[in-house]
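For the sequence shown, the numbering used here puts the final residue at 198, and the numbers step up evenly by one.
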Amino acid sequence: MPRLTDARKELRRAQITEAAVRCFGRNGLERTSIADITAESGLSTGSIYAHYNNKADLVQAAAREVLAQRAAVLGEYAAGDTPPDPEELLARLIAAIDAVDARVGVQTWGEATTDPAIRDIVVDMTDRMRALLHDCVTAWLVKVEHHEPAEARERATPIAHRISAQYLAELLYAALRSPTEEPSS
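Okay, here's the thing in C-alpha cells:
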C-alpha cells in the first residue's frame, strides 16, 4: 500500500474535518456517528481512524479549523496599514458568520458543559479569539488612533472583551435562526 505524503495527509485530514463539520451542522454532535462522517467524506472507516482516534478528535479538529480561519482574517486586519475600528471589526466578523459553523460552535459549547476535553477546547478557542481581537484592536489604537503601544494594549482589553461577547452572541443568533437542514439545490 503506498504511503501518503505529508501534504496528502493534510488534504485527507481537511476532507474528513469538512465532512464532520457538515454532519455536525446537519445532525448535531451527539447524533453524528463515524459512519455518517465516513459516508459524507466518501472515505473508508479505516481512513477516518488512520487520521483521527475518535469523534472527540474530530470535534477538536473542526473547532481548531474554524479558529484558524478567523485567526488568519484577524491577523490580516491587524497587519494592515489601517486596521478596522472596533465597530467595523465586529461588522466584518458578523458578516463572515457561516450558519453551519455557528451551529457546530453552539453545539460544541453545549458539550463543553459536560465533557472536560471539549470544555478545554472551547476555553482555549475563546481565549485565543479574544487574544486575536485584542491584537487587532491594539493595532487600530496604535496605527489609527496614535496611542502609545503600552496604553493601547491596556485600552484594548475591555474593547476586545465586548467585541468577543457581541460576536459570540451573533454566532448563537445565527445558529438559532438558520435551519438545520442543508439548503436544497
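Glycine residues also receive a C-beta, built at the ideal position from the N, C-alpha and C atoms. Quantities reported herein were computed from a predicted structural model and do not represent experimental measurements.
Output the distance between the C-alpha atoms of residue i and residue j, rounded to the nearest integer angstrom.
i    : j    : result
H147 : A76  : 20 Å
S54  : T30  : 9 Å
Y35  : A115 : The sequence shown places Arg at residue 35, not Tyr. Cα-Cα distance, rounded: 11 Å.
A33  : A163 : 42 Å
I47  : L181 : 28 Å
T45  : F37  : 6 Å
A92  : D133 : 29 Å
Q179 : A187 : 12 Å
I107 : V113 : 14 Å
R190 : P171 : 29 Å
Cβ atoms of residue j and residue i: under 8 Å apart, would you say?
i    : j    : result
V157 : P99  : no
G118 : L184 : yes
L103 : I176 : yes
R143 : H174 : yes
V136 : T121 : no
Just mark residue i as buried or exposed, buried being the case when its beta carbon has 16 or more other beta carbons within 10 Å.
i   : result
K68 : buried
H64 : buried
Whole alpha helix (DSSP H) elements within the segment 55-125, 4-residue minimum | 58-64, 68-92, 99-108, 112-125
Inside the segment 127-175 only - alpha helix (DSSP H) runs reaching at least 4 residues | 129-156
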